[in-house]
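Visitor:
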Amino acid sequence: LHHLFGLLVKAISQKPVILFLDDLHWADEASLDLMMALIHGIGKEISEETTIDAPGEAYMLFVGSFRSNEVAGSDPLAISLKHAEQLSDVTLTEISLNGLSCIDVNVMVSEALCYPHRLTRTLS
35 LHHLFGLLVK
45 AISQKPVILF
55 LDDLHWADEA
65 SLDLMMALIH
75 GIGKEISEET
85 TIDAPGEAYM
95 LFVGSFRSNE
105 VAGSDPLAIS
115 LKHAEQLSDV
125 TLTEISLNGL
135 SCIDVNVMVS
145 EALCYPHRLT
155 RTLS
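So the sequence shown is numbered by this note's numbering: it starts at 35 and just counts up by one.
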């Protein structure tokens, strides 16, 4: 794990890195522990790294997505997010998205199939 931290810190010191994890509501505790270790460990390594151009600045963006309606307060993901909020070297921003309306889904299906909206209503 420390070797992975070193590789990521080296990559971050050269170019910005984005780490995207989807469907975190399905993640098990071991996966969430690894995710938190990476987030916290990289933040800690970056703050100690002296070769980064602007000390104190992190060049990593971690993006995680999950369905909020599938995460209760006692779920491992909710606990991990609460822990991440308490880390001093991590800034956590939550963006909530609403579901698409039937009209919006119909527009997407219609455009994907190159059919008129009226012909794709039953598909959406």
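A virtual CB, placed ideally from N, CA and C, is assigned to each residue, including glycine.
1. Could you tell me which residues DSSP pairs with residue 94 in its beta bridges?
2. Closer than 7 Å by C-beta to residue 56: which residues in its own chain qualify, once you throw out the five before and the five after it? Chain order, please.
3. What are the boundary residues of the alpha helix (DSSP H) that includes residue 138?
4. Looking at the secondary structure, which residues open and close the alpha helix (DSSP H) in which residue 114 lies?
5. Using a Cβ-Cβ cutoff of less than 6 Å, which residues in the same chain neighbour residue 53 once the five nearest sequence positions on both sides are dropped?
6. Mind checking whether residue 179 and residue 74 have CB atoms under 7 Å apart?
7. Which value, in whole angstroms, describes the spacing of the CA atoms of residue 40 and residue 94?
8. For residue 143, which residues of its own chain have a beta-carbon under 7 Å away from its beta-carbon, when the five flanking residues on both sides are left out?
9. For the alpha helix (DSSP H) containing residue 152, name the first residue and the last one.
Guide: Straight from the coordinates:
1. As DSSP reads the structure, residue 94 sits in a beta bridge with 51.
2. Within the same chain, residue 56 has close Cβ partners 99.
3. From DSSP, the alpha helix (DSSP H) with residue 138 extends over 136-147.
4. In the DSSP annotation of this structure, the continuous segment of the alpha helix (DSSP H) that includes residue 114 starts and ends at 110-120.
5. Within the same chain, and ignoring the five residues on either side of residue 53 in sequence, the residues whose Cβ sits closer than 6 Å to its Cβ are 96.
6. Lying before the first or after the last residue shown, residue 179 is absent from the chain, which here runs from 35 to 158.
7. Whole-angstrom Cα-Cα distance: 14 Å.
8. The beta carbon of residue 143 is closer than 7 Å to those of 154, 157 and 158 in its chain, skipping five residues each way along the sequence.
9. First-last of the alpha helix (DSSP H) with residue 152: 151-154.
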